[in-house]
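Participant: Protein chains in written order, with the working numbering: chain A, 5 to 221; chain B, 5 to 221; chain C, 5 to 221; chain D, 5 to 221. Think of the CB as a built atom: it goes at the ideal place given N, C-alpha and C, for glycine as much as any other residue.
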DNA sequence: AATGAATGAGAGTTCATTCAT
DNA sequence: GATGAATGAACTCTCATTCAT
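In structure tokens form, the structure reads like this:
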């Protein structure tokens, strides 16, 4: 993914069955190559080869390499953001502890569902156009969390957006360690419980008794 | 940084003053190129040119491009890890709240001290060999925090390593957002305060009254 | 148009009305693409798209891209050569001045009639197989002019073929400038008059009084 | 040479002897490839191969393929324009017949001096960026001729620029036929004499007796 | 007949790395 | 030691052409 920002929109949508298969094969292939070779060795040739199609086919669906990677990243992020979004909507009006548990569970489940994909895409997200996509999806999640917090019955957050941003990224940080694969098994086992603890603690501290003074922590 | 992992050690240590100056010039040049052009366009030629030396000279100090980037990343990570390490040592035996404040302050200060560098190196860290370096420095920081927690007078953590790992990465997550440059000004202003809140809450919840049962979360 | 010269003949003659329409649509499309994108970007896909047919259909009528371009060029050249040919036949036995005026007028009119086409095809004519077609049509025109000159009543040209060749290409040279689009408006306005002057002068000088000595210029 | 107009300036001037040799080898190689394969098959790889250097070297001196071809064309055109220019300056104040002979001789000699080069570059000149270069050099030649005509003692041209433009392109037209290689030997032998005849006739007709009425042809 | 997805050779271009100067 | 011209493998992307539908 380069610094210049060209067209990253897919070229055409796969309407025929054959096309859909091709597009999906390329997605899976790209993730595999990303995992096994790293971003810089994740070339169009290798992706096509792995997918069992020709390079030409790749370029029928994406204007360039970056667009392919961006599309995969975007789909992934959409999935994650959607999952968290749904969890937030489903837990409006519940207790802060419930909210924390719900967000953590939804996020972790979404990431764990496509483990390899989640791992592979960190490198893509680090590149320029990837960072923008990540920022967008983060905004979406933060907005969902903030909205949920704003309607918390037992508490009154003075700055739900800020609180949501910190809350989400505080959860995303440790999750990343897990996905990067350098964490011990125990980390994996206890991550969810610890993240809930982390979030509950933070949201509990951030909360003011309803009707309390502004910014009173 | 490629997937194949060859020799990444610098070729010679800069014993002479001139060498040290050259090495530093290359480091600064690399960070600038990284920032302005992105990882994929951060070429040896461009780095050398920017540093005012010839490509040949660059190869006098590093066996290949990856070694150069790895060295820069390592130096950076060492600085950050060292800062947190010192803060931990300096706050042994203090209250949990003091510890939280100290770690957050040290980490944020280290990252903010070399803002551009911190930003530029995220992309380097995302590549395969970078991830290993990051994991190593994280282990060092986590060990320092765990050690500090293990000696907390007012509390008794059942698994300081796990707690330290979660604590550190929970702080690193939001910090990354800040550095990636997509955060609003208010985020910047209130980040430290919020991270302390986050950490204090987590560590407070994790703590058991001295002498309590194991693993009672 | 490539150096290798394979089959350049159209695959089938457009006997049906629909075929004729398709072929013409492709011709027009090709000229548009040629003008807007240049020869090297004048691809079969683009031509077909512009013509509103599929690439497959294009290959139903022409064995390859070069054949399509060659056919268009040939049609164009035929039109021009035919126009000059007719003018020559129509002015047999007239005065040299009349002949000059007639040739110039016919040639310019033919080129101006399909201005865009004339411009676009220069690039096609410059490629290897195009040059051969141009040479053929030039021969035809030169023969027509030579024939006309041979029957001039008031004069006796010692080498009508040579004279015709020089005459025609001397007219074609300035015309090309006009078509290439770099000429000022005044050039356009006065071109015909000047070309007639040019030709009249040349043919007048070349002419020997009937029965005069050979090669007396 | 594509429609988009990027940087066509050479990258660096060959200061060292080795570099100069490399650049010249590429020029000669390009002309050979152009002649033997045609523009579209005149690829950077083939040029480099023929020149006995690597593709990389080619790109050290020119930012892209078009720049290389443009540079060759420009050098060639400069040579031709310079020759005609000198001839014009050297024949100021001479008779119109002398002028005509001088211009024709200079132009033909310049073209014949580098026969293969002249032939090969027609195709390059037909592409977009080539056409612009040709137009520039033509303007230079036309200006030189016009200036010479303006100082003709025996005559008074009402529009030297127009006259010069017609005169030059009338000479260039037949010359092109010669260079394109489709002309018979006799054409070659008699071309110069015929072109002088052509030009003398035209300039003679265009001239008005000094002090005569405007536009009296 | 028509379509257009798929093909894959091949083009332009870059860049890590070497080595003669 | 320093230089930077030369190298050439490897990369991204295009496009003429085919053929299953």
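Please say whether residue 102 of chain C and residue 148 of chain C have beta carbons closer to each other than 7 Å?
Facilitator: No; because the gap between Cβ atoms is not below 7 Å, this pair is not in contact.
Participant: Less than 7 Å between CB atoms is the rule here; does residue 126 of chain C satisfy it with respect to chain D?
Facilitator: For residue 126 of chain C, the answer is yes, since a Cβ of chain D falls inside 7 Å of its Cβ.
Participant: Quick one: measure Cβ to Cβ for residue 78 of chain A and residue 137 of chain A, integer angstroms, because I've assumed they're closer than 8 Å.
Facilitator: About 5 Å; that satisfies the 8 Å criterion.
Participant: Rounded to a whole number of angstroms, what is the C-alpha to C-alpha distance between residue 76 of chain C and residue 23 of chain A?
Facilitator: Cα to Cα, the separation comes out at about 35 Å.
Participant: Between the alpha carbons of residue 91 of chain B and residue 34 of chain B, how many angstroms are there, rounded?
Facilitator: Their Cα atoms are separated by approximately 30 Å.
Participant: Taking residue 142 of chain D as the reference, give the member of C/70, C/156 and C/178 with the closest Cα.
Facilitator: It is C/178 whose Cα lies nearest to the Cα of residue 142 of chain D.
Participant: Residue 54 of chain D: buried (16+ other C-beta within 10 angstroms of its C-beta) or exposed?
Facilitator: That one is buried.
Participant: Ignoring anything shorter than 4 residues, give me the alpha helix (DSSP H) runs that lie fully in the region 36-105 of chain D, in order along the chain.
Facilitator: Entirely contained in the region 36-105 of chain D, the alpha helix (DSSP H) runs reaching 4 residues are, in chain order, 48-55, 59-65 and 69-94.
Participant: Taking only beta-carbon atoms, is residue 66 of chain B less than 7 Å away from chain A?
Facilitator: Not closer than 7 Å to any Cβ of chain A, the Cβ of residue 66 of chain B fails to qualify, so no.
Participant: Exposed or buried, what is residue 26 of chain D when buried is set at 16 or more other beta-carbons lying within 10 Å of its beta-carbon?
Facilitator: Buried: at least 16 other Cβ atoms inside 10 Å.
Participant: Let me check understanding here. Comparing Cα to Cα, which of A/47, A/68, A/122 and A/153 lies closest to residue 185 of chain A?
Facilitator: Ranking A/47, A/68, A/122 and A/153 by Cα distance to residue 185 of chain A puts A/122 first.
Participant: Here's a check: name, in chain order, each residue in its chain whose Cβ is nearer than 8 Å to the Cβ of residue 119 of chain D, leaving out the five neighbours to either side.
Facilitator: Here the set comprises 183.
Participant: Of all the CB atoms in chain B, is at least one closer than 7 Å to the CB of residue 133 of chain A?
Facilitator: By this cut-off, residue 133 of chain A is not an interface position.
Participant: Touching or not, the region 191-206 of chain B and the region 94-110 of chain B, by the rule of three or more beta carbon pairs under 8 Å?
Facilitator: Touching, yes, given that three or more Cβ pairs across the two stretches are closer than 8 Å.
Participant: Going by DSSP in three states, residue 118 of chain A sits in which element: helix, strand or coil?
Facilitator: DSSP places residue 118 of chain A in coil when its eight states are reduced to three.
Participant: I need the DSSP call for residue 190 of chain B, collapsed to helix, strand or coil.
Facilitator: Three-state DSSP puts residue 190 of chain B in a helix.
Participant: For residue 49 of chain D, which residues in the same chain have their Cβ closer than 7 Å to its Cβ, ignoring the five residues on either side in sequence?
Facilitator: Around residue 49 of chain D: 59.
Participant: What's the gap between the Cα of residue 172 of chain C and the Cα of residue 47 of chain D?
Facilitator: Roughly 35 Å between the two C-alpha positions.
Participant: Flag residue 164 of chain C as yes if its beta-carbon sits less than 7 Å from any beta-carbon of chain D, otherwise no.
Facilitator: So, not an interface residue.
Participant: Where does residue 160 of chain B fall in DSSP's three states?
Facilitator: The answer is coil: DSSP assigns residue 160 of chain B none of H, G, I, E or B.
Participant: Which word fits residue 95 of chain C, buried or exposed, when buried means at least 16 other C-beta atoms lie within 10 angstroms of its C-beta?
Facilitator: Buried, because 16 or more other Cβ atoms sit within 10 Å of the Cβ of residue 95 of chain C.
Participant: Using 8 Å as the threshold, is the region 162-171 of chain C in touch with the region 190-197 of chain C, meaning 3 or more CB pairs across them?
Facilitator: The region 162-171 of chain C is not in contact with the region 190-197 of chain C.
Participant: Report the option in A/109, A/154 and A/130 whose CA atom is closest to the CA atom of residue 175 of chain A.
Facilitator: Out of A/109, A/154 and A/130, A/109 has the C-alpha closest to the C-alpha of residue 175 of chain A.
Participant: Run down chain B in chain order and give the residues with a C-beta less than 7 Å from the C-beta of residue 194 of chain A.
Facilitator: By Cβ distance, chain B contributes 166.
Participant: Out of A/74, A/32 and A/87, which has the shortest C-alpha to C-alpha gap to residue 112 of chain A?
Facilitator: If we check each option's Cα against that of residue 112 of chain A, A/87 comes out closest.
Participant: Check distances from the C-beta atoms of the region 36-65 of chain B to those of chain A and list, in chain order, the residues that come in under 9 Å.
Facilitator: Those residues of the region 36-65 of chain B that come within reach of chain A (Cβ to Cβ, closer than 9 Å) are 40, 41, 42, 43, 44 and 45.
Participant: Is residue 203 of chain C helix, strand or coil by DSSP?
Facilitator: Residue state, collapsed to three classes: helix.
Participant: Taking a contact to mean a Cβ-Cβ separation below 7 Å, would you say residue 97 of chain A touches residue 157 of chain A in this structure?
Facilitator: Yes, the pair counts as a contact, with Cβ atoms nearer than the cut-off.
Participant: Among B/139, B/31 and B/206, whose alpha-carbon lies nearest the alpha-carbon of residue 66 of chain B?
Facilitator: For residue 66 of chain B, the nearest C-alpha among the options comes from B/31.
Participant: Does any CB atom of chain D fall closer than 7 Å to the CB of residue 184 of chain C?
Facilitator: It does; some Cβ of chain D falls within 7 Å.
Participant: What residue range is occupied by the uninterrupted alpha helix (DSSP H) comprising residue 185 of chain D?
Facilitator: Per DSSP, residue 185 of chain D belongs to no alpha helix (DSSP H) and is neither H nor E.
Participant: Using a Cβ-Cβ cut-off of 7 Å, state whether residue 216 of chain D counts as contacting chain C.
Facilitator: Unreliable positioning characterises residue 216 of chain D in this predicted model, as indicated by a pLDDT of 42, which lies under 50. The coordinate reading is nonetheless provided below. No, residue 216 of chain D does not count as interfacial toward chain C.
Participant: Out of C/128, C/71 and C/29, which one is the CA nearest neighbour of residue 57 of chain C?
Facilitator: The shortest C-alpha separation from residue 57 of chain C is found at C/29.
Participant: Starting from the Cα of residue 188 of chain D, find the closest Cα among C/206, C/165 and C/41 and give me that residue.
Facilitator: Comparing Cα-Cα distances from residue 188 of chain D to each of C/206, C/165 and C/41, the minimum goes to C/165.
Participant: Here's the rule I'm using: 16 or more other beta-carbon atoms within 10 Å means buried, otherwise exposed. How should residue 9 of chain D be labelled?
Facilitator: Note that residue 9 of chain D scores a pLDDT of 47, beneath 50, so its modelled location is shaky; the value from the coordinates is reported in the next line. Result: exposed.
Participant: Ignore the nearest five residues each way along the sequence and tell me which others in residue 73 of chain A's own chain have a CB closer than 6 Å to its CB.
Facilitator: These residues qualify, in order along the chain: 128.
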